[in-house]
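Protein chains: 2
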Amino acid sequence: MKIGDFAAKSGLSADTLRYYERIGLLPRTVRDAGGRRSYGMDDLAWAAFLRKLQAMDMPMRDRLEYSRLRAEGDATLRTRRKMLEAHRDALVARQAELAELVATLDAKIDHYIDMESGTQESFDDGGQTHDDRGSGIAPPRERSRRGASARA
Amino acid sequence: MKIGDFAAKSGLSADTLRYYERIGLLPRTVRDAGGRRSYGMDDLAWAAFLRKLQAMDMPMRDRLEYSRLRAEGDATLRTRRKMLEAHRDALVARQAELAELVATLDAKIDHYIDMESGTQESFDDGGQTHDDRGSGIAPPRERSRRGASARA
DNA sequence: GCTTGACCTGGAGCGCGCTCCAGAAAGTAG
DNA sequence: CTACTTTCTGGAGCGCGCTCCAGGTCAAGC
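Those sequence lines, one after another, are chains D and R.
Residue numbering for the first sequence follows the numbering used here, beginning at 1 and increasing consecutively.
Residue numbering for the second sequence follows the numbering used here, beginning at 1 and increasing consecutively.
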């Protein structure tokens, strides 16, 4: 498969593919008689996995290291697994952080709703000058758990 | 409070604070007799909230728009609430995506463990050339739900 | 008064992760 | 064969979000 097709199938531009190869994210590609890059299905799977690592917010330097290790073969399996486990933990931590932030947002949204119905002053400090210290964040009343969707 | 103190308390550098003011993320600061910026507690609360928006991955353009709306006063309350609700939804979607990615990672980690114990070939394509289509992702065996922590 | 240090402004510089371009060569169609 | 398209390489450019710097002002301590 030539780079144009591969780009279409992988969702990465031809320029990006060449760039990734240059920096070592993709292995040196097999070339055809005329010097053009020739990609296989395995490359497609690897590109897809790279995109997942990116979607997980794994930093470029880590993706580079992972790629380098992969290129070294089976001897690096343990190291790679450790990297994935570490990143898994980071992801779980991020999920927890997001949950907290959603709660903050819910509280602030409720605060806004109060201000919209009444005729209060602005006072836009996040909706919780007093409480909010990462703990539980008790909703002011009970009308939270909504999204733009559930009211629009 | 002068910019140095404020920087220390807000966690943003003085340069960043001036930069934020320039681009409109922070309102034009009150100046003292000598022309120096003078910050109050309300600014501190706003800076903290801006950091939360950033931690939520709200794009800079949206934070700018939100700040601009806030500067316009109470007339924009509804609009701001809508923005927060929309971003709340984005956050919840991201949480779901992360949950999927964690599952992918778990599957791949298990795959690695298999390869480490046996003496298989490399075949590093993400650990699931066959399955994995965003659905459930059944763990190959039952030994998942670990982190770097739980084994190290 | 003098030194020291925090602060001011405008603008340059930077690291990241691409993205685009020029100029050449090779494959493909008619 | 010509014409067109794709790909090639090396390198420049870009948008973001700061970060740093020069050269100057102002305030406080000695």
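For each residue, glycine too, the CB sits at the ideal point set by N, CA and C.
- Distance from the CA of Leu91/D to the CA of Lys2/R, rounded to the nearest whole angstrom, comes to 38 Å.
- DSSP lists Ser38/D as the bridge partner or partners of Val30/D.
- With respect to Tyr112/D, Arg81/R sits close: the two C-beta atoms are nearer than 8 Å.
- In the structure shown, the three-state DSSP call for Met60/D is helix.
- Using a 10 angstroms sphere on the CB of Ala7/R, the tally of other CB atoms reaches 16 or more, which defines it as buried.
- Pairing Arg61/D with Leu25/D gives a Cβ-Cβ distance that is not under 8 Å.
- Here DSSP, grouped into helix, strand and coil, assigns Met83/D to helix.
- In this chain, the alpha helix (DSSP H) harbouring Asp5/R covers Ile3 to Ser10.
- Taking the CA atoms as reference points, Met56/D sits about 10 Å from Arg94/R.
- Counting only the Cα atoms, Arg31/R lies some 15 Å from Arg22/R.
- A distance below 7 Å between beta-carbons, with the five flanking residues on each side excluded, links Asp5/D to no residue of its chain.
- Selection His87/R, Glu72/R and Asp106/R evaluated against Ala86/D yields Asp106/R as nearest (Cα-Cα).
- Annotated as proximal: Leu77/D and Met115/R, with beta-carbon spacing under 8 Å.
- Judged by DSSP in its simplified three-state form, Leu25/R adopts coil rather than helix or strand.
- Under the three-state reduction of DSSP, Ser13/R is assigned to coil, being neither helix nor strand.
- With fewer than 16 other CB atoms across the displayed protein chains lying within 10 angstroms of its CB, Ser117/R is exposed.
- Looking at the backbone, the Cα of Gly34/D and that of Pro27/D are separated by about 19 Å.
- The alpha-carbon separation between Glu97/D and Leu53/R amounts to approximately 12 Å.
- Contact note: Gln95/D reaches chain R through Gln95, Leu98, Ala99 and Val102, using a C-beta cutoff of 8 Å and chain order.
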